[in-house]
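Participant: Before we start, here is the structure in question, set down as structure tokens.
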Amino acid sequence: MHLFFLTAVAFVITSVSVDASVAKDPRGHAPNRTEVDTVNASSSTRLLRKNSTVDLVGEERAPSIVENIKALVKSSAVTPAKLQQWLDERLPAGLVFKNMNLDEPNIFSLLHEPNFAKWVQYADDLSAKSSHKESSVISTLTSLHGDKVVYDTIQAAKLYPQLSELALKLEKDQIRFWIATRKDPSVVFEALNLNWAGISIFPKPEFSAWLKYVDDVNARHPKEAPLSIIPTLKQRFSRGDEAGTDVLLKLIANGKATTEAKTVANKVESALFDFWLNSRETPDKVMDAFKYGTTTQAFLGSPRWKEWERYLSAYNARYPEKKATAIETLTRKYGDAQLLDTLIGASSKGETKTLAAKLQAQQFDRWMNLKESPLDVYNRLRSSYGDTAFFNEPQLNVWVSYMNVFVDKNPSKVDKMFLELGDTFGDMRLFRVLGEAKKFPNLESTATKLQMEKASTLFASGKSPEGIFKVLALDNVGDDILSNTLFHKWLAYLQKFNKEHPNNQESWFDMLRISYQPFGVERIIETGRKNPLTRLMAEKVENAYHNYWLDIKMEPKTAFRSLHLDESGEKLLADPKFNTWVQYLKTFNDRYPNEKTTVIDGLRDNSHDIALLRMFSAAKNDPSTEKLATDLQSALILKWQDAKKTPEELKRVFVGVPAADEMLDRYIKLLAVASSTP
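Quick note on numbering: the sequence shown equals residues -20 to -1, 1 to 658 in mature numbering (1 follows the signal peptide of the UniProt record, and there is no 0).
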């Protein structure tokens, strides 16, 4: 019976619809039967095609005739009374949206529909009556089209004057909807078209809006786990071989360097730190992020090191029960030996020297806190360095520095410490340690005493001075060896040995030359000259060095370069080494008369004539070298004469050289005199 009633209703409505169509016929005449049938058929087709999913009267889905009835109800005009009725019944905005035939695929066209504004007002009125204030307008649109499409449509609508007011309202509603529903930051990021912003993202207003959105969500939902911008940014900026965090850190650093992005960059950096802290990321792991793609030494000298230290402080404040230190973190990651090498390298550079010293002191403190003796530290480090490398500079110096710290804290253990070292090391390594230990105040006295005791035993053995020289580690003393007490005791032993072994003479200079090589010997001489107590010994070493040159028949032109006189420039004649070279040249000529050479020959072997003219001209302005310069000018003129150089040829060579004029005048006069002489 009920189905029959609905069928009758459908028939009546159809008839009314047909009559209305006929009445509105613009041709102004009554339709014939054929026209009525045609209209009825067309109306039936439209009813069948209508897709309805909402049953306003609460009926369950029935045969197609019921669907047609519901479609007719939806297609009828929605009056204010009907909207009020639905509002009183609190009919969901999504259902009303469909009842008003607004669920069409083109969302931008939808905004032009008159019914759309009515529906928006209905949804707002419904929200006002609800305990949940989220915008059902945005909720409905988002469910149909997605966040990004809705956002893009709203932004486009703002450009149309007739839609701008509505668009601005919807824009605010969308933000409120996102905040209320705690929309994932990555979804909002994409909706705001930030996926393609690239490395210039920080200054963009959309990015600032996104940051504010995340802040607003967290403020609105304080009891929920806070949302973070970092996972989204790491994902978006992960490319190629670089980790997302590393790219993000670069963006932060670049942003902080510019006025327009500095505030945003600081905010992102703060969010990154908060994300790490909330995730309980250890300083070890965060160090990996900061150090990505660089060496440890370079990391220590970079701004990222300071940022990591700042994170370390924040981590310790948040998790005091897991407090960490910089030196502990570095040691866990690299071990004592590798860290020691890194700090040694960093200490040699100005920008990291202070930090390296600070970390080195912390490394010593760590060893002290572990109650490790110098021997304990040696036993651990030797596995990385090996027995030979450990006793070379600068590793040895750092280890002996720790010995000094250890004795400073444990003065009563100094004798025991050296005794343990003596039992562990052979004489050669022990003397190397003692030689280094004498440089430190807490070790000097004991080290010197032990050194002399051990040396006396060696001198009493009657062994070769050459072997004892190496055992005493005199090959590693350095530039100031001439002031070394142990070296002078060894010299005395060598003299005694040579007297006792006339057929097995040994040379003290050969030991210096072999151990320190040419440049080392030169530094020894220079250092010795500066000390009044060693000046005579330095001259003795220099003479021995030059005698060695003579023995190997080093030519004066080569000795000139060995004395680095080729680096003196126009001040050559005033260089004290020039006189040394001249004396060597004379001695060489005496020993090898067949290889005899002159000062001017030696100069020309190491410089061209143009440079010599300038040098002589400058030297003549100095009273101490004026005569020497004049003599050398004359010697050079004679060389031109011997080579039969013409004035014209020399003028072409010396064109633009002011110092040449005087020399050419003298040469022309010399040629004139020579030509007039029979």
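C-beta: ideal position from N, C-alpha, C; glycine also. Everything numeric in this text was worked out from a predicted model, so none of it was measured.
Within the same chain, show all residues whose beta-carbon is closer than 7 Å to that of K4, passing over the 5 residues directly before and after it, in chain order.
Facilitator: Residue placement at K4 is flagged as unreliable, the pLDDT there being 37, under the threshold of 50; the coordinate-derived value follows with that caveat. Same-chain partners within the cutoff: there are none.
Participant: Could you spell out where the alpha helix (DSSP H) holding W470 opens and where it closes?
Facilitator: Element bounds for W470: 465 to 480.
Participant: Determine the contact status of L106 and A160, defining contact as a CB-CB distance below 8 Å.
Facilitator: Contact flag unset, no.
Participant: Between the region 495 to 513 and the region 444 to 462, do at least 3 Cβ pairs fall closer than 8 Å?
Facilitator: Yes: at least three Cβ pairs fall under 8 Å.
Participant: Can you say whether P263 is buried or exposed, counting buried as having 16 or more other CB atoms within 10 angstroms of its CB?
Facilitator: It is buried - the Cβ of P263 has at least 16 other Cβ atoms within 10 Å.
Participant: Leaving out five residues on either side along the sequence, give the residues of the same chain with a beta carbon under 6 Å from the beta carbon of I448.
Facilitator: Once the five neighbours on either side are set aside, the close Cβ partners of I448 are L438.
Participant: Is it right to say P354 is buried, meaning 16 or more other beta carbons lie within 10 angstroms of its own, or is it exposed?
Facilitator: Counting Cβ neighbours within 10 Å, P354 comes out buried, since at least 16 surround it.
Participant: Only counting the same chain, and skipping five residues up and downstream in sequence, which positions put a Cβ closer than 7 Å to that of G220?
Facilitator: For G220, the predicted model reports a pLDDT of 43, less than 50, meaning its position is unreliable and no value from the coordinates is stated.
Participant: Quick check on DSSP: helix, strand or coil for Y295?
Facilitator: Three-state result, Y295: helix.
Participant: Could you pull out every residue in the same chain whose Cβ sits closer than 8 Å to the Cβ of L231, ignoring the five residues on either side in sequence?
Facilitator: Excluding sequence neighbours, L231 sits near I179, I181, F182, F217, A245, V248.
Participant: Taking the straight line between their C-alpha atoms, what separation do you get for Y572 and K338?
Facilitator: Using only the alpha carbons, I get a separation of about 60 Å.
Participant: Is the region 543 to 561 touching the region 600 to 618, taking contact as three or more C-beta pairs under 8 Å?
Facilitator: Touching, yes, given that three or more Cβ pairs across the two stretches are closer than 8 Å.
Participant: Rounded to a whole number of angstroms, what is the C-alpha to C-alpha distance between I617 and D321?
Facilitator: In a straight line, the C-alpha of I617 is about 59 Å away from that of D321.
Participant: Across the region 509 to 516 and the region 524 to 540, are there enough close Cβ pairs to call them in contact, namely three or more that are closer than 8 Å?
Facilitator: Touching, no.
Participant: Can T311 and L319 be called in contact, C-beta distance under 8 Å?
Facilitator: Result yes, Cβ atoms of T311 and L319 sit closer than 8 Å.
Participant: Can at least three beta-carbon pairs, one atom from the region 575 to 587 and one from the region 631 to 643, be found at a separation below 8 Å?
Facilitator: These segments do not touch.
Participant: Could you check what DSSP says for G458 in three-state terms: helix, strand or coil?
Facilitator: Note: G458 maps to coil in three-state DSSP.
Participant: Let me confirm a value: A472 is counted as buried when at least 16 other C-beta atoms fall within 10 Å, else exposed. Which label applies?
Facilitator: When all chains shown are included, A472 counts as exposed.
Participant: As an exercise, report each continuous alpha helix (DSSP H) stretch of at least 4 residues that is fully enclosed by the region 350 to 381, in chain order.
Facilitator: Taking only runs of at least 4 residues, the alpha helix (DSSP H) segments lying wholly in the region 350 to 381 are 354 to 370.
Participant: On the criterion of 16 or more Cβ atoms from any shown chain inside 10 Å, does K163 qualify as buried, or is it exposed?
Facilitator: Its Cβ being crowded by 16 or more others within 10 Å, K163 is buried.
Participant: Can you tell me the Cα-Cα spacing of Q343 and K429, whole angstroms?
Facilitator: Cα-Cα distance, rounded: 29 Å.
Participant: By the DSSP assignment, the alpha helix (DSSP H) with N508 in it spans what residues?
Facilitator: Checking the sequence shown, residue 508 turns out to be Gly, not Asn. Where G508 is concerned, the enclosing alpha helix (DSSP H) stretches over 488 to 510.
Participant: Roughly how many angstroms lie between the CA atoms of L71 and E151, to the nearest whole one?
Facilitator: Their Cα atoms are separated by approximately 24 Å.
Participant: Going by CA-CA distance only, name the one from A417, W347, S250, L592 that's closest to E373.
Facilitator: With distances taken between Cα atoms, E373 lies closest to A417.
Participant: Please report the residue range of the alpha helix (DSSP H) in which E145 lies.
Facilitator: It spans 141 to 161 - the alpha helix (DSSP H) in which E145 sits, taken as one unbroken run.
Participant: Measuring straight from C-alpha to C-alpha, what distance separates M517 and F489?
Facilitator: Rounded to the nearest angstrom, the two C-alpha atoms are 11 Å apart.
Participant: With a threshold of 16 other CB atoms inside 10 Å of the CB of S656, please say whether the residue is buried or exposed.
Facilitator: Exposed is the call here.
Participant: Per DSSP, what kind of secondary structure is M534 in: helix, strand or coil?
Facilitator: It is coil, neither helix nor strand.
Participant: Does the separation of the CB atoms of A251 and I307 fall below 8 Å?
Facilitator: Not a contact, by the Cβ cut-off of 8 Å.
Participant: Within the region 77 to 115, note down every full alpha helix (DSSP H) run reaching 4 residues or more, in order along the chain.
Facilitator: Within the region 77 to 115, the complete alpha helix (DSSP H) runs of at least 4 residues are 87 to 90, 94 to 109.
Participant: Quick check on this structure: which residue in D226, K600, M408 has the alpha carbon closest to the alpha carbon of K450?
Facilitator: Cα-wise, what sits closest to K450 is M408.
Participant: What's the gap between the Cα of D641 and the Cα of D546?
Facilitator: Going from the Cα of D641 to the Cα of D546 covers about 25 Å.
Participant: State the start and end residues of the unbroken alpha helix (DSSP H) segment that holds N601.
Facilitator: Unbroken run through N601: none, as it is neither H nor E.
Participant: Enumerate in chain order the residues of its own chain whose CB-to-CB distance from K236 is below 6 Å, with the five nearest sequence positions on each side excluded.
Facilitator: Taken in chain order, the residues that qualify are K242, A245.
Participant: Exposed or buried, what is Q485 when buried is set at 16 or more other beta-carbons lying within 10 Å of its beta-carbon?
Facilitator: Flag for Q485 reads exposed.
Participant: Going along the chain, which residues of its own chain have a beta-carbon closer than 7 Å to the beta-carbon of A598, five neighbours each way excluded?
Facilitator: So the list reads E550, once near-sequence residues are dropped.
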